[in-house]
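Beneath this line is the structure, given in structure tokens, with notes to follow.
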Amino acid sequence: MTEESEHEAQNASEYASGAEQRSADHSSGRSPREDGETASDSGASDVVRRDRFSGGPARGFLSSMDDDERIFATDLAVDRAHVVMLAEQGVVDDGEATAILSALDEVESAGFDALPGGEDVHAAIETAVVGRAGDVGGKMHTARSRNDEVATCIRYRLREDVLEAVEATLGLRKALAEVAEEHAETVMPGYTHLQPAQPTTVGHYLLSYEQAVARDTARLFDAYARVNRSPLGAAAFAGTPFDVDRERTAELLGFDGLVANSMDAVSTRDFLVEVVAALSNLATTVSGLAEDLVVFSNKGLVELSDDYSSTSSIMPQKKNPDTLELVRATAGDAAAGLNGLLTTLKGLPRAYNRDLQNATPHAWEAADAVSEAVAVAAGAAATAEWDEAALAEAAGEGFSTATGVADLLAMAGVPFRKAHEMVAEASEEGADYAALDAAAGDVLGDSLDAYVEREAVEAALDPAESVASRESPGGPAPEAVAAGLTAAEETVAADEAALADERDSLAAAAEKLRTEVSRYA
Ligand code: ARG
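Once you know that position 175 of the sequence shown is 175 in full-length UniProt numbering, the rest is easy, because the numbers rise by one and skip nothing.
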């Protein structure tokens, strides 16, 4: 053994003992991450930082290890695809690929907590691979950088998160459509400025949210298409002299193409912005639904299930809509995440800057919180009991059918503005037939039945008849709501199929990668 390789072998065994140290620390209940910051932990020096950059008071500050747990499996997949490609291109030989790939299997079986210290999961995995495979493990990082590696990992993992958010939107849309169907003709008050405005139906109301959430689904899919591109092979930013096959690693990782320019590939996090913006928009949509249900339950129009309610620690009689209040609050957190992300990215120079490390968790947090809030909102919406009697009574409050009377007069040829003026006067004078008749005399110069039959006016004043008369496309009349329901069911089915397609293609890529890796066993 030459002096040099003896030194390297010793280094390798140090790295391996770093792993042992780390897992020993972990089983003693101490956080391996905190221990990674102590100089006595040989895990403090990873293969990237070596002795010179192994310690110092900023170690913990620099580390992304805690956040990186989320991309542990991802980084292993990215490593495997890269090594398979290097072998296929003749950059490493098959024996070397076999040694690295089996070390990666061992690292995977040992799990995240067994990783040696390192400033991030990429360095820690590489350290563990070198520790297990020896010097040949050092060939894994040929023709790449952590810059293209981390960008690839984020995109790879984020795909799953976006699809999970899509699934959550579909769950909510199905819950909304189901209850809308059940209450397609249940009359309820519709509000503007929180005041009774015009009667509508629970079906029409719930479909309004189904349609909005459908756009959120579409925005997530749209963002997904741009997330699903591979930066791998960009290296630090300036490409590599090795004959890499970027299309091949993209294929093995299930990406739909490349982020071609190598400098853009490592620099951009615009895909995080798109995803968090879509999540933020979704959370904002759902916060409106949550707020409505809080208000409606306060008015006694709907009763939330106990499962989605809470109580007071002092006032035993209380049943509070805490769950929906937290759903409402999630929109604030998501918006804060979007703002944090944009603020972090704003003004960053080309190419890679470490600020980017802090950008990523904004996306993880938004994805987790918003998907959970959407699922909770779906459960609350599916289980809430609408009180038909209370809704019917409230639907007629506040002369909410007044617009219908004005419409009737306008249909009889009275200019709408005149009809509006007349009904406005009646609404101040008693809001009933007699008041309307008197106002007709004042404003129009003749009794009301000179324009429309009394029966028609009485019908227009009835909330259910009022709803039934508004059968314009997308309106609340039963036929229009039925059409809305059919459209909603069709879009839900199409989006479910699209989600299944995306998941199938990710699963197929994972299978393909397994097959390719197994050739080197
Ligand atoms: N953990 C880092 C991140 O998330 C990895 C990249 C480090 N690259 C570098 N050039 N220092 O961005």
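Positions of the beta carbon are idealized from the N, C-alpha and C atoms, including for glycine. All figures in this text were calculated on a predicted structure; none of them were measured in a lab.
In this structure, Y352 has its beta carbon less than 7 Å from a heavy atom of the ligand ARG. The C-beta distance from A363 to V302 rounds to 34 Å, too long to fall under 8 Å, and the pair is not in contact. Set against 7 Å, the gap from the CB of Q211 to the closest heavy atom of the ligand ARG is not smaller. By the criterion of a C-beta distance shorter than 6 Å, S280 is surrounded in its chain by A334, A335 and L338, once the five residues flanking it on both sides are discounted. Secondary structure note for Q357: it is in no beta strand (DSSP E), and the uninterrupted alpha helix (DSSP H) holding it is D355 to T383. Bounds of the beta strand (DSSP E) holding Y191 are V187 to T192. At a threshold of 7 Å, H122 counts as near the ligand ARG, since its beta carbon sits closer than that to one of the ligand's heavy atoms.
Of the candidates Q317, A500, L86 and S64, S64 places its Cα closest to the Cα of A123.
Here L253 carries a coil assignment [DSSP, helix/strand/coil]. Counting only runs of 4 or more residues that sit fully inside the segment 235-317, the alpha helix (DSSP H) segments are 246-252, 262-267 and 270-298, in chain order. Residue state for P478 is assigned as helix, using DSSP reduced to three classes. The beta-carbon distance between A380 and T344, rounded to whole angstroms, is 34 Å. This is too long to meet the 8 Å contact definition. Approximately 6 Å separates the beta-carbon atoms of T201 and T186; this is inside 8 Å, confirming the contact.
For T401, there is no enclosing alpha helix (DSSP H), since its DSSP letter is neither H nor E.
Taking the Cα positions, R50 is about 12 Å away from G117.
Straight-line measurement puts the Cα of N358 at about 24 Å from the Cα of G111. In the three-state reduction of the DSSP assignment, A180 falls in the helix class, which pools H, G and I. With a 10 Å radius around the Cβ and a threshold of 16 neighbouring Cβ atoms, A58 comes out exposed. One Cα belongs to A277, the other to I154, and the distance between them is close to 17 Å.
Distance from T330 to V370 at the Cβ level is roughly 6 Å; contact confirmed, criterion being Cβ atoms closer than 8 Å. With distances taken between CA atoms, S469 lies nearest to Q198 out of Q198, L115, S230 and E425. Taking the CA atoms as reference points, E455 sits about 19 Å from G430. Partner residues in the beta bridge of N320, as assigned by DSSP, are S310.
Distance from the C-beta of V150 to the nearest heavy atom of the ligand ARG is below 7 Å. Between F255 and E388, the alpha-carbon positions lie close to 50 Å from each other. Residue pairing by DSSP leaves P57 without any beta bridge partner.
At the C-beta level, A367 and D161 come within 8 Å of one another.
Between E471 and E479, the C-beta gap is smaller than 8 Å, which places the two residues in contact. With a cut-off of 8 Å on Cβ pairs, the segment 489-509 is in contact with the segment 244-254, counting three or more such pairs.
In this structure, F237 sits near Y352, with a CB-CB distance shorter than 8 Å.
Using a Cβ distance threshold of 8 Å, R132 and A103 count as a contacting pair. Per DSSP, reduced to three states, the secondary structure at Q211 is helical. When the Cα atoms are used, G190 and N147 turn out to be separated by approximately 53 Å.
In this structure, G475 sits away from P196, with a CB-CB distance that is not shorter than 8 Å. For the pair A180 and L207, the CB atoms are nearer than the 8 Å cut-off. Rounded to the nearest whole angstrom, the C-alpha separation of A434 and A382 is 43 Å.
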